[in-house]
Each structure stands twice: as C-alpha cells, then as structure tokens.
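A.B. asks: Add 4 to a position in the sequence shown, counting from 1, and you land on the number used in the working numbering. By construction, the Cβ of each residue, glycine as well, lies at the ideal position given by its N, Cα and C atoms. Please read these numbers as outputs of a predicted model, since none were measured by experiment.
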Amino acid sequence: MTERVLVVDDSSFQRTVVRDALADRFEVVDEAENGAEAVDLFEAYEPDAVSMDVVMPEMTGIEATAEIKDRWPDAVIVMCTSVDQQEKMMEAVKAGADGYVTKPVDADELVGEFESHLG
C-alpha cells in the first residue's frame, strides 16, 4: 500500500517542488498553505506523513506539528526548513517533528527522509 502524504508550505512554488519530489513514491493527498489548514486537512485525510514548512502565516509549522502530534501521535512529520533556522528546528523537534530537510529541497534526500520514518 502506498503511503499518503500531505504537503504544507506557504509558497506555491515550494509546494510544487515537494509534491513533484514525493509523487513518484507516495500518494500526495492534498496541499495546505498554512498550519491551520494543515491541521484541518490532516483531520480530513489522516495521511501517513506530512511535509511541513516551518515559517507560515496564521499558524506556524511548529504549532501545527504540535497540534497534529497531540491528536495523532503516530503521524510522521518531516520539516522543510531554511539552513539558517537551526533554533526553529530545535523547537520543531520538541513539538514532535520526526525529521527535517533543508531548502532548497533535494528530491532524493526528501524521499529518503520519509522512507526512513515510514519503514
């Protein structure tokens, strides 16, 4: 069975990059442009994993990660972050993030990160 992934980023370009990187290996169920939408779409689809941007309007990726992990502890969440956001990554780990990749996203690295957590 193909694992299902939700793509979350406030940049439509980044969502396209991530979706295209994951689409050959995973079923991309939908895309969200902020953390609040991510939580709503996670509830609607209950995907196996999420590609989560860190800095977004309305609700950050860290806040959305904490809420998703609180409600669905088995969800796999991989953060996509800029190289200069190390402090934010520590916050994301505390919120329950399972892993991360840096932008610009390398497709093989992203797929590998998901595969390592989805088994």
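How would you label Ile13, buried or exposed, when you count the other beta carbons within 10 angstroms and need 16 or more for buried?
C.D. replies: The question names Ile, yet the displayed sequence has Asp at residue 13. So Asp13 ends up on the buried side.
A.B. asks: Could you tell me the alpha carbon to alpha carbon distance between Asp88 and Asp24, rounded to whole angstroms?
C.D. replies: If I take the Cα positions, the gap works out to 24 Å.
A.B. asks: Consult DSSP for Asp112 and reduce its assignment to one of helix, strand or coil.
C.D. replies: Looking at Asp112 - three-state DSSP - the assignment turns out to be helix.
A.B. asks: Considering only the alpha carbon of each residue, which of Gly116, Lys107, Glu95, Ser120 lies closest to Thr64?
C.D. replies: For the residues Gly116, Lys107, Glu95, Ser120, the minimum Cα distance to Thr64 belongs to Glu95.
A.B. asks: So, under 8 Å CB-CB, Asp52 and Val9 are touching, yes? Tell me the CB distance rounded to an integer number of Å.
C.D. replies: Confirmed, Cβ separation roughly 7 Å.
A.B. asks: Is Lys73 closer than 7 Å to Gly100 when the C-beta atoms are compared?
C.D. replies: It is a contact, given that the beta carbons lie within the stated cut-off.
A.B. asks: Going by DSSP, what residues sit across from Asp34 in a beta bridge?
C.D. replies: BP columns for Asp34 point to Leu10.
A.B. asks: With which residues is Ile81 paired in a DSSP beta bridge?
C.D. replies: According to DSSP, which records beta bridges pairwise, Ile81 is partnered with Val54.
A.B. asks: Since Ala40 contacts Glu62 with CB under 8 Å, what's their CB separation in whole angstroms?
C.D. replies: Ala40 to Glu62, Cβ: 5 Å. Contact.
A.B. asks: Is the beta carbon of Met83 less than 7 Å from the beta carbon of Val58?
C.D. replies: Closer than 7 Å, so yes.
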